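Participant:
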Amino acid sequence: MAGIQIHSHDILDEGSHQILQYINKLKDVDYIFPQVNSIFERNPNPIGILPRNRKNPVVSGNGKLFLPIHVKDICSDLYQDIDLSIMNGRDPLLELKQCVNKQQYKVVPWFSILNGDFKGSIEDHCITTYDGEKVLDWLCPNSPVISEMWSNVLIETKKMYGYSVHMLDRIRYPDWSGETIKPKLLFTCFCPHCQKKMIEKGMDIELLTDTFEKVKQYLTNKNFHEAVLLLKESNHFQDWYLFRQESVTSLIQSIIDRINQKGEKLNLWLDLWPPSYSWFLGQDYSQLTSLVPLLKHFPYHKLGGGADVQGLIRYFTSDPDEEEKAFQAFLRLFGFSYKLSFTDFKNKGFPIKFVHDENKQVRKLSQPNTKIYSGIQMWNIENEDLINAIKEAKNSQADDIIYYCYGWAEDSHFETVSSINR
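Quick note on this note's numbering: the sequence shown kicks off at 326 and runs consecutively.
#1: Would a C-beta distance cut-off of 9 Å place Lys521 and Phe568 closer than the cut-off?
#2: Our contact map puts Thr536 next to Leu555 with C-beta atoms below 8 Å; I'd like the distance itself, whole angstroms only.
#3: Given this structure, state the Cα-to-Cα distance separating Met703 from His738, to the nearest angstrom.
#4: Does DSSP put Gln428 in a helix, a strand or coil?
#5: Check this for me: beta carbons of Tyr698 and Ile329, under 9 Å apart or not?
#6: On the DSSP letters alone, give me the boundaries of the alpha helix (DSSP H) that Ala651 sits inside.
#7: To the nearest angstrom, how far is it from the Cα of Leu375 to the Cα of Phe623?
#8: Let me know if Gln570 comes out buried or exposed under the rule of 16 or more other beta-carbons within 10 Å of its beta-carbon.
#9: Which residues in the same chain have their Cβ closer than 8 Å to the Cβ of Pro618, if we skip the five residues on either side of it in sequence?
#10: Could you give the first and the last residue of the continuous alpha helix (DSSP H) run that contains Leu403?
#11: Under three-state DSSP, which class holds Ser489?
#12: Tell me which residue opens and which closes the alpha helix (DSSP H) that Trp594 is part of.
#13: According to the Cβ coordinates, are Ser333 and Met412 closer than 9 Å?
#14: On a CA-only basis, which of Met523, Ile524, Ser559, Glu481 is nearest Lys539? Give me that one, please.
#15: In whole angstroms, what is the alpha-carbon distance linking Asp335 and Val432?
#16: CB Lys459 to CB Cys516, shorter than 9 Å?
#17: Would you kindly report the start and end of the unbroken beta strand (DSSP E) that includes Ser699?
#18: Give me the Cα-Cα distance between Leu461 and Ser744, rounded to the nearest whole angstrom.
#19: In whole angstroms, give me the CA-to-CA distance for Asp725 and Asp456.
#20: Out of His550, Met523, Phe358, point me to the one whose CA is closest to Asp494's CA.
#21: Rounded to whole angstroms, what's the CA-CA distance from Glu735 to Val680? Just pull it up for me.
#22: List the endpoints of the continuous alpha helix (DSSP H) containing Gly527.
#23: With a CB to CB cut of under 6 Å and the five nearest residues on each side skipped, what residues in its chain are close to Gly607?
#24: Gly441 and Ile331: beta carbons closer than 9 Å?
#25: Give me the residue from Gly388, Asp416, Cys424, Pro369 with the minimum Cα distance to Leu345.
#26: Taking all protein chains shown into account, decide if Glu366 is buried (16 or more other Cβ within 10 angstroms of its Cβ) or exposed.
#27: Our contact map puts Pro803 next to Tyr640 with C-beta atoms below 8 Å; I'd like the distance itself, whole angstroms only.
Now the structure itself:
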């Protein structure tokens, strides 16, 4: 099983027939993963144009839904609106289904469940930074309403389209990037739901927020090594990130339980961050793979694992010397042992070995028999690097690969993949 992700705007602007013509070239794809709600992301990211989209050279995600499901009728307290302006009466998932039915591809709808443009009593359900700022485009996993909303949407999607397998993405706390670089998004969540649970677990919220304030001061003063050392030695920090992991796992468990309680049968797969980062963002591979049979992660070596590492480093620095110090501190925080300068990283990303290393870690951390799919960066990459990434992933402990993503890839990338799959 190899797969490829496509966006709803690909279907609406290009049409499913053209998309399938290109996917056919890859020769190894069994699964197509259509995105059914958007995040706040430039398409393609971070630069370039959509090479086959004649209507829109660039598409900006607005966090809305591309399914004709009125979520407000299902969950009035928290919901996501349909993107009527873009859909214009069309149903991209249905159009894809009708086209794919004539071929052998399997379709798995792809949902982003914690990040987007949500409506209703959003301030009661969004995350909060350690210093009290509400982040309205990220939902808190500890909000009791989220599992109600998404379990109902997933069930309704199955009823409408017949697909019993769904991929869940954005099941985490935010990283430092998005529409802008904002590092304090890492230090969430301190909403009433989370604070109540922290207190029940005996966590000292005041000491924890003091720790994050000290980290902020270290980073502001360019004391990057000291900031990392403080986090690594802080028991409060360790208790906090373990708490976040338990919170995300509990959300997935709650969604599954609600689906089962309604007598429905759905198979959920997960899109996770590479394990070197995932622990910080609330994802525990061992816990999550006890609930689901399959995961995909994205060890994109050219991008430093899918994270905007360059943006983070430049946020805190103003000259090459500071950049180098900050980058080395970053490597220490996330446990990377690569002998790599920031200059080399900007030019080449992580070594290709990163793909193998992350897949090895995923296999080690996951439950036995978990199906593991290694994400392949198929945009903003030279063809030689694309070939090397595919070979490295296939020679690693992953079961197969998933390409990300159709609409961003150059025509030459399809030809390159075709050449090695003949």
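From the three backbone atoms N, C-alpha and C, an ideal C-beta is built for every residue, glycine too. Computed from a prediction, not measured in an experiment: that's the story for all the values here.
Facilitator: Well, looking at it:
#1: Along the sequence shown, one-based indexing puts residue 521 at 196. Along the sequence shown, one-based indexing puts residue 568 at 243. No.
#2: In the sequence shown, residue 536 corresponds to position 211, counting from 1. In the sequence shown, residue 555 corresponds to position 230, counting from 1. That belief holds up - the Cβ atoms of Thr536 and Leu555 are roughly 7 Å apart, short of 8 Å.
#3: Position 378 of the sequence shown, counting from 1, holds the residue named residue 703. Position 413 of the sequence shown, counting from 1, holds the residue named residue 738. As the crow flies, the alpha-carbon of Met703 is around 7 Å from that of His738.
#4: Along the sequence shown, read from residue 1 onward, the residue named residue 428 stands at position 103. DSSP places Gln428 in coil when its eight states are reduced to three.
#5: For the purposes of this step, residue 698 is taken as the residue at position 373 of the sequence shown. For the purposes of this step, residue 329 is taken as the residue at position 4 of the sequence shown. In this structure, Tyr698 sits away from Ile329, with a CB-CB distance that is not shorter than 9 Å.
#6: By one-based count along the sequence shown, residue 651 stands at place 326. Segment 645-658, the alpha helix (DSSP H) holding Ala651.
#7: Taking the sequence shown and counting its residues from 1, one reaches residue 375 at position 50. Taking the sequence shown and counting its residues from 1, one reaches residue 623 at position 298. Rounded to the nearest angstrom, the two C-alpha atoms are 21 Å apart.
#8: The residue labelled residue 570 in the question sits at position 245 within the sequence shown. With 16 or more Cβ atoms within 10 Å of its Cβ, Gln570 is classed as buried.
#9: As a working note, residue 618 is residue 293 in the sequence shown. Closer than 8 Å at the Cβ level, and outside the excluded window around Pro618, lie Asn592, Trp594, Asn694, Thr695, Lys696.
#10: Here residue 403 refers to the residue found at position 78 of the sequence shown. Counting along the chain, no alpha helix (DSSP H) covers Leu403; the unbroken beta strand (DSSP E) around it starts and ends at 403-405.
#11: Within the sequence shown, numbered from 1, the residue matching residue 489 stands at position 164. Three-state result, Ser489: coil.
#12: Looking up residue 594 in the sequence shown gives position 269. No alpha helix (DSSP H) contains Trp594, which is instead part of the beta strand (DSSP E) from 592-597.
#13: In the sequence shown, the residue the question calls residue 333 occupies position 8. In the sequence shown, the residue the question calls residue 412 occupies position 87. Closer than 9 Å, so yes.
#14: On the sequence shown, residue 539 is found 214 positions in, with the first residue counted as 1. When only C-alpha atoms are compared, the closest one is Ser559.
#15: Looking up residue 335 in the sequence shown gives position 10. Looking up residue 432 in the sequence shown gives position 107. Cα to Cα, the separation comes out at about 15 Å.
#16: Counting from 1 along the sequence shown, the entry for residue 459 is found at position 134. Counting from 1 along the sequence shown, the entry for residue 516 is found at position 191. Taking 9 Å as the cut-off, the beta carbon of Lys459 is found closer than this to the beta carbon of Cys516.
#17: For this step, residue 699 is matched to residue 374 along the sequence shown. Per DSSP, Ser699 belongs to the beta strand (DSSP E) from 696-702.
#18: One-based indexing of the sequence shown puts residue 461 at position 136. One-based indexing of the sequence shown puts residue 744 at position 419. Whole-angstrom Cα-Cα distance: 45 Å.
#19: Here residue 725 is taken as the residue at index 400 of the sequence shown, counted from 1. Here residue 456 is taken as the residue at index 131 of the sequence shown, counted from 1. Distance between the alpha carbons of Asp725 and Asp456 is about 42 Å.
#20: Here residue 494 is taken as the residue at index 169 of the sequence shown, counted from 1. With distances taken between Cα atoms, Asp494 lies closest to Phe358.
#21: As a working mapping, residue 735 is identified with position 410 in the sequence shown. As a working mapping, residue 680 is identified with position 355 in the sequence shown. In a straight line, the C-alpha of Glu735 is about 22 Å away from that of Val680.
#22: On the sequence shown, position 202 is the one that residue 527 refers to. Counting along the chain, no alpha helix (DSSP H) covers Gly527, and no H or E run does either.
#23: In the sequence shown, counting from the first residue as 1, residue 607 sits at position 282. If you ignore the 5 residues before and after Gly607, its C-beta comes within less than 6 Å of the C-beta of Arg497, Tyr498, Arg569, Gln570, Val573, all in its own chain and listed in chain order.
#24: For the purposes of this step, residue 441 is taken as residue 116 along the sequence shown, with counting starting at 1. For the purposes of this step, residue 331 is taken as residue 6 along the sequence shown, with counting starting at 1. At the C-beta level, Gly441 and Ile331 stay beyond 9 Å of one another.
#25: Counting from 1 along the sequence shown, the entry for residue 345 is found at position 20. Of the candidates Gly388, Asp416, Cys424, Pro369, the residue whose Cα lies closest to the Cα of Leu345 is Cys424.
#26: Along the sequence shown, one-based indexing puts residue 366 at 41. Result: buried.
#27: Lying outside 326 to 747, the shown extent of the chain, residue 803 is not represented and no answer is given.
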